[in-house]
Amino acid sequence: MTATSGLSSVRASYDTVAVDYARLLGPELSGRPLDRAMLAAFAEYVRGDRRGVDRSEGHPRGGGRAVADVGCGPGRVTAHLDGLGVPTFGIDLSPAMVAVARRTYPGLRFEVGAMAALDIADGVLGGVLAWYSTVHTPPAELPAVFAEFARVLAPGGHALIAFKAGDDRKVRLEHAYGHPVDLDVYWTPPDLIAGLLAGAGLAEVGRLVREPGENENCPQGFLLARKG
Ligand SMILES: C[S@@+](CC[C@H](N)C(=O)[O-])C[C@H]1O[C@@H](n2cnc3c(N)ncnc32)[C@H](O)[C@@H]1O
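So the sequence shown is numbered by the working numbering: it starts at 12 and just counts up by one.
Now the structure itself:
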């Protein structure tokens, strides 16, 4: 399968499941305290609270700059992060997901786009969030994606990646959220994610790996990195 046909399948699959995905996962974050802790830490780093504030160019380090939630789906995490005091907008490959997000959170901005080619200027963002959205990207294509994240981040900006932290494998998904889908899901060792981020100029700040929770089939990884 080529990268292009892979993206088409991902887009079509998420267009199919968008409404039911939003309905089924809506309240999920409230039952995941460790996941919320990583989002809270990310928000604090992006806001540039307290020590280490660099006010060059009129910005606290990262503070005041926006975050792109890349692969935002129905916008539930975009809204959560925005509620933590970090101005956040969403981007997703799936027009149906973007439509759901716009309907559900009319006060936030959501656009259709692909994470490997963001329609964002160089060096302008305080943060990039990829919350389980890189899981359909083959590991061989992740360097280009992480390079794109690094391109749009301001110096000192942060990236947070949530991913399936299993051994290195591809899991085929043909049914999800009550619908047929055509998706590959990549489980990726945290050291591999950390190494690829570092290769793109995003140095690890910290990571969390937690045991699988309800409806999860492998450990879950969260990796926070900073553009040097
Ligand atoms: C598992 S869902 C996660 C959605 C959202 N982050 C959440 O946690 O609710 C994966 C999302 O990533 C999007 N996605 C996958 N590959 C993408 C790409 N290359 N560019 C942009 N979005 C992508 C999908 O369309 C889908 O909405």
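A virtual CB, placed ideally from N, CA and C, is assigned to each residue, including glycine.
Here Val163 has Ala79, Leu129, Ile131, Ala132, Asp133, Gly134, Val135, Leu136, Val139 as same chain residues with Cβ atoms under 8 Å from its own Cβ, once five neighbours each way along the sequence are excluded. In the structure shown, Glu122 falls within a strand segment according to DSSP collapsed to helix, strand and coil. The beta carbons of Leu171 and Leu207 sit no closer together than 7 Å. Per DSSP, reduced to three states, the secondary structure at Val30 is helical. Thr115: member of the alpha helix (DSSP H) spanning 106 to 115, first to last residue. Listed as beta-bridge partners of Ile102 by DSSP are Val81, Glu122. Closest option to Met108, judged by alpha-carbon separation, among Thr27, His169, Leu235: Thr27. Residue burial annotation: Gly168 is buried, with at least 16 other C-beta atoms found within 10 angstroms of its C-beta.
Placement of the Cβ of Ala125 at a distance of less than 6 Å from at least one heavy atom of ligand 1 is found. Taking all protein chains shown into account, Ser24 has 16 or more neighbouring C-beta atoms within 10 Å of its C-beta and is therefore buried. In this structure, Ala77 is the residue among Lys175, Ala77, Leu219 with its C-alpha nearest to the C-alpha of Ala165. Ranking Thr148, Ala110, Glu185, Cys229 by CA distance to the CA of Ala33 puts Ala110 first.
For the beta strand (DSSP E) assignment, the uninterrupted runs of no fewer than 3 residues enclosed by the segment 203 to 237 are, from N- to C-terminal side, 213 to 221. Only residues of its own chain outside the window of five on either side were considered, and among them Arg22, Tyr25, Asp26, Ala29 have a CB closer than 7 Å to the CB of Ser105, listed in chain order. Only exposed fits Asp178, as fewer than 16 other CB atoms lie within 10 angstroms of its CB. Shown here, Val146 sits in coil according to DSSP, grouped into three states, outside any helix or strand. Residue burial is scored here from C-beta neighbours: Asp93 has at least 16 other C-beta atoms within 10 angstroms and is therefore classed as buried. Put simply, of Thr89, Val97, Gly75 the residue whose alpha carbon is nearest the alpha carbon of Ala54 is Val97.
In terms of Cα proximity to Gly118, the closest of Pro191, Thr99, Phe160 is Thr99. Comparing alpha-carbon positions, the option among Arg47, Phe121, Ala151 lying closest to His91 turns out to be Arg47. Going by C-alpha positions, Phe160 is about 11 Å away from Ala236. Taking 7 Å as the cut-off, the beta carbon of Phe174 is found closer than this to the beta carbon of Gly232. In terms of Cα proximity to Pro38, the closest of Gly75, Pro85, Val123, Asp60 is Pro85.
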